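There are 2 protein chains.
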Amino acid sequence: MENNVLSEKSATTKGYMTPKEFLAHWQGHRSLTRRVIDAFPEDQLFSFSIGGMRPFSDLAKEFTTMGVPSLHGMITGEWKGLDVLAPAGVKANPETKEELLALWDALTVRITELFNKIPEADFHKQISLFNQYDGEIYSLLLYIVDNEIHHRGQGYVYLRALNIEPPYFYER
Amino acid sequence: MENNVLSEKSATTKGYMTPKEFLAHWQGHRSLTRRVIDAFPEDQLFSFSIGGMRPFSDLAKEFTTMGVPSLHGMITGEWKGLDVLAPAGVKANPETKEELLALWDALTVRITELFNKIPEADFHKQISLFNQYDGEIYSLLLYIVDNEIHHRGQGYVYLRALNIEPPYFYER
Numbered sequence: 001m002e003n004n005v006l007s008e009k010s011a012t013t014k015g016y017m018t019p020k021e022f023l024a025h026w027q028g029h030r031s032l033t034r035r036v037i038d039a040f041p042e043d044q045l046f047s048f049s050i051g052g053m054r055p056f057s058d059l060a061k062e063f064t065t066m067g068v069p070s071l072h073g074m075i076t077g078e079w080k081g082l083d084v085l086a087p088a089g090v091k092a093n094p095e096t097k098e099e100l101l102a103l104w105d106a107l108t109v110r111i112t113e114l115f116n117k118i119p120e121a122d123f124h125k126q127i128s129l130f131n132q133y134d135g136e137i138y139s140l141l142l143y144i145v146d147n148e149i150h151h152r153g154q155g156y157v158y159l160r161a162l163n164i165e166p167p168y169f170y171e172r
Numbered sequence: 001m002e003n004n005v006l007s008e009k010s011a012t013t014k015g016y017m018t019p020k021e022f023l024a025h026w027q028g029h030r031s032l033t034r035r036v037i038d039a040f041p042e043d044q045l046f047s048f049s050i051g052g053m054r055p056f057s058d059l060a061k062e063f064t065t066m067g068v069p070s071l072h073g074m075i076t077g078e079w080k081g082l083d084v085l086a087p088a089g090v091k092a093n094p095e096t097k098e099e100l101l102a103l104w105d106a107l108t109v110r111i112t113e114l115f116n117k118i119p120e121a122d123f124h125k126q127i128s129l130f131n132q133y134d135g136e137i138y139s140l141l142l143y144i145v146d147n148e149i150h151h152r153g154q155g156y157v158y159l160r161a162l163n164i165e166p167p168y169f170y171e172r
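If you're matching them up, the sequences are chains A and B in order. Residue 1 is where the first sequence starts when you use full-length UniProt numbering, and the numbers rise one by one after that. Residue 1 is where the second sequence starts when you use full-length UniProt numbering, and the numbers rise one by one after that.
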């Protein structure tokens with residue numbers, strides 16, 4: 001009986017979304033961002049800018065420095081940069097579109113591996129990300145996704161200004 | 001004993017985030033978007049564009065058509081537009097910055113009221129939004145927030161191109 005009650009309770013207490021659903025949300029956005037990176041001609045990826053903003057390569061590189069280093073720290077309590085944590089065989093500081101996409105793909109695998117190590121109860125644990133940003137884990141990870149959506153939206157304007165059709169926003 | 005087990009279970013099954021936390025996330029983003037609308041000079045809000053894209057007023061008006069009409073439908077099963085659902089005293093189709101901000105503020109109140117009527121178990125209910133977009137409620141609402149972040153990021157490029165400093169992204 002107790003088990004029945006528990007499983008019933010569990011079915012109605014996924015909360016707003018489950019950790020697995022959040023991971024799919026995150027990786028869906030990363031998949032779209034990969035296509036936005038790939039839509040840029042190589043020279044424009046590293047140089048095109050509007051209003052003094054960074055080129056899209058710099059925005060994409062910012063995303064690569066956030067996911068894996070944050071997850072690694074959330075699990076171990078040690079805050080290290082991508083220079084230490086980049087998966088073997090890829091450059092932490094890519095200088096071509098090919099190198100950037102190779103880094104992106106290696107991080108895609110690593111993000112899933114690391115995210116799955118966070119116990120469900122820990123998503124509401126208060127931490128200090130890089131000893132600098134205080135918050136609960138769920139909120140800090142959500143911020144990382146929001147930051148990617150925000151800057152990727154800027155990449156869409158760059159592509160439109162370059163007369164290039166960006167990928168559909170709703171296709172993940 | 002059973003109660004103890006249940007409350008312990010409940011404490012560790014907030015899922016990734018609770019509905020209340022999602023609402024705070026959504027309203028935090030809406031608060032930032034309000035400041036982005038307000039940062040535009042009135043004429044540029046309704047006219048400035050890059051690469052053939054819509055002016056920021058049109059993007060902001062798109063956001064206003066999504067939140068309340070979606071929530072209303074999720075609760076009642078009836079899909080109606082903002083022309084029917086706009087709160088009393090505000091214009092569904094604002095033509096000045098003042099009218100747009102007044103609509104925004106009225107919808108802020110309404111979104112909280114409507115969102116709080118959704119039972120927690122319903123966030124995983126499969127629906128067809130406007131008889132057009134199939135998905136679970138949590139995912140459809142998340143899409144509405146993502147769409148706002150995405151297009152607001154584009155508004156940041158407009159502001160930068162106009163030499164106007166946008167609000168900090170991390171301040172909600």
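Glycine included, C-beta positions come from ideal geometry on N, C-alpha and C. Quantities reported herein were computed from a predicted structural model and do not represent experimental measurements.
Flag residue i as yes if its beta-carbon sits less than 9 Å from any beta-carbon of chain A, otherwise no.
i	result
PRO167 (chain B)	no
THR12 (chain B)	Here THR12 (chain B) scores only 46 on pLDDT, less than 50, and its place in the model should not be relied on; the value that follows carries that caveat. Yes, its Cβ sits closer than 9 Å to a Cβ of chain A.
PRO19 (chain B)	yes
MET53 (chain B)	yes
TYR170 (chain B)	yes
GLN154 (chain B)	yes
VAL157 (chain B)	yes
GLU120 (chain B)	yes
PHE22 (chain B)	yes
GLY15 (chain B)	yes
ILE37 (chain B)	no
Is the beta carbon of residue i sitting closer than 9 Å to the one on residue j?
i	j	result
ILE127 (chain B)	GLY67 (chain B)	no
LEU140 (chain B)	ILE37 (chain B)	no
ARG160 (chain B)	LEU32 (chain B)	no
TYR158 (chain A)	ILE50 (chain A)	yes
THR96 (chain A)	TYR16 (chain B)	no
PRO41 (chain B)	LEU162 (chain B)	yes
LYS80 (chain A)	PRO69 (chain A)	yes
ILE149 (chain B)	GLY153 (chain A)	yes
PHE22 (chain B)	LEU142 (chain B)	yes
TRP26 (chain A)	PHE130 (chain A)	no
With a cut-off of 9 Å, does the C-beta of residue i fall near any C-beta of chain B?
i	result
ILE50 (chain A)	yes
ASN163 (chain A)	yes
THR33 (chain A)	no
MET66 (chain A)	no
PHE56 (chain A)	no
VAL84 (chain A)	no
PHE40 (chain A)	no
ILE127 (chain A)	no
What residue range does the beta strand (DSSP E) around residue i cover?
i	result
ILE127 (chain A)	126–129
GLY89 (chain B)	No beta strand (DSSP E) holds GLY89 (chain B); DSSP gives it neither H nor E.
Let's see if you can read the secondary structure: which residues bound the alpha helix (DSSP H) around residue i?
i	result
ASP58 (chain A)	56–76
GLY28 (chain A)	19–39
TYR158 (chain A)	137–161
TRP104 (chain B)	97–115
GLU42 (chain A)	42–47
Since residue i and residue j should fall inside the 8 Å C-beta cutoff, what is the C-beta to C-beta distance between them, to a whole number of angstroms?
i	j	result
GLY124 (chain A)	TYR138 (chain A)	The sequence given here places His at residue 124 (chain A); Gly does not occur at that position. HIS124 (chain A) to TYR138 (chain A), Cβ: 6 Å. Contact.
ALA39 (chain A)	ILE164 (chain A)	6 Å
Going by Cα to Cα distance, which pick from the options is closest to residue i?
i	options	result
LYS91 (chain A)	A:LYS80, A:TRP79, A:ASP105	A:ASP105
ASP43 (chain B)	B:SER57, B:VAL145, B:ALA86	B:SER57
LEU45 (chain A)	A:ILE111, A:LEU59, A:LYS20	A:LEU59
TYR168 (chain B)	A:PHE169, A:GLU21, A:ASN147, A:PRO167	A:ASN147
LYS20 (chain B)	B:LYS117, B:ARG54, B:ASN93	B:LYS117
LEU71 (chain A)	A:THR112, A:ALA102, A:PRO94, A:ALA88	A:THR112
THR65 (chain A)	A:ALA86, A:TYR170, A:GLU136	A:ALA86
ALA121 (chain A)	A:HIS25, A:HIS29, A:MET53, A:ILE75	A:ILE75
PRO166 (chain B)	B:HIS29, B:ARG35, B:GLN27	B:ARG35
ARG110 (chain A)	A:TYR170, A:PHE130, A:LEU129, A:ALA88	A:ALA88
LEU107 (chain A)	A:HIS25, A:LYS14, A:ARG30, A:ALA24	A:ARG30
The ligand PLP heavy atoms versus the CB of residue i: any closer than 8 Å?
i	result
ILE37 (chain A)	Among the components modelled here there is no ligand, and therefore nothing to report on the ligand PLP.
Residues within the region 136–147 of chain B neighbouring chain D, beta-carbon criterion of under 8 Å: The displayed structure is made up of protein chains A and B, and chain D is not among them.
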